[in-house]
Ligand code: AMP
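Numbering (the numbering used here), first residue to last: 114 to 317.
Below you can see the structure in the form of structure tokens.
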């Protein structure tokens with residue numbers, strides 16, 4: 114183990130649904146020894162367990178709409194304050210709009226921290242739709258109906274893509290071509306993060 118006690122990586126992965134960010138996120142988190150914080154996964158786990166939060170958000174997820182900024186923000190704030198996220202994390206699915214960007218700035222600012230890099234997985238809309246349609250048949254996700262898929266991509270284009278302007282102005286966005294083999298895409302991401310001096314702690 115060559116991990117340096119001082120190395121941190123506070124990362125965000127952004128891309129349309131179906132861009133492969135879940136898969137790539139797991140690989141990045143393993144390489145940097147940081148937890149993945151996926152708001153979608155947290156919501157789905159709560160729905161599966163039938164918690165009050167799960168009951169509150171089921172219909173919202175099924176419709177492909179966004180859960181309120183307040184509820185989602187409180188969840189993320191709580192998750193990021195847990196010990197395993199102290200030296201870094203990979204956010205997936207949050208922030209998703211301009212208000213959530215400022216909420217996140219607030220949480221991190223309280224800890225004297227900030228995002229180190231935003232990985233944008235660039236995948237054309239048609240490719241996203243094809244991958245999501247395949248996932249719907251393979252995994253049977255209830256929010257992978259054609260209508261919900263189209264609706265989520267519309268929300269992504271209208272609300273989430275613009276957050277990249279804010280992060281772009283800070284010079285922390287790495288745009289990665291998200292079309293190719295899984296390994297090729299992982300290597301592109303690692304190369305971009307290495308250029309920022311972000312040190313991997315594990316060989317993956
Ligand atoms: P995802 O797995 O990231 O595609 O998220 C699945 C669903 O969870 C979304 O369609 C939203 O309904 C909800 N969700 C996830 N992250 C957020 C967020 N940051 N803000 C609001 N709703 C979210």
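Glycine included, each C-beta is placed from N, C-alpha and C at the ideal position.
The structure displayed is predicted, hence computed values, not measured ones.
Residues of its chain near residue 139, where Cβ-Cβ distance is below 7 Å and the 5 sequence neighbours each way are ignored: 149
DSSP state of residue 115 mapped onto helix, strand, coil: Residue placement at residue 115 is poorly supported in this model, since its pLDDT is 46, which falls under 50; the coordinates are not used for a value here.
Rounded C-alpha distance that separates residue 129 from residue 222: 27 Å
Whole runs of the alpha helix (DSSP H) within the stretch 216 to 293, excluding any shorter than 4 residues: Listed in chain order, they are 238 to 252, 259 to 268 and 276 to 282.
Under 8 Å between C-beta atoms of residue 182 and residue 218: no
Nearest-angstrom Cα separation, counted from residue 253 out to residue 168: 19 Å
At least 3 beta-carbon pairs within less than 8 Å: the stretch 152 to 165 vs the stretch 257 to 275: By the C-beta criterion, the stretch 152 to 165 is judged not to be in contact with the stretch 257 to 275, since fewer than 3 inter-stretch pairs fall below 8 Å.
Heavy atom of ligand 1 within 7 Å of residue 246 beta-carbon: Taking 7 Å as the cut-off, the C-beta of residue 246 does not count as close to any heavy atom of ligand 1.
Candidates 239, 290, 198 and 203: closest to residue 224 by CA position: 198
Nonlocal neighbours in the same chain, by C-beta distance under 7 Å from residue 309, ignoring five residues either side: 229 and 230
Inter-residue Cα distance where the pair is residue 258 and residue 177: 9 Å
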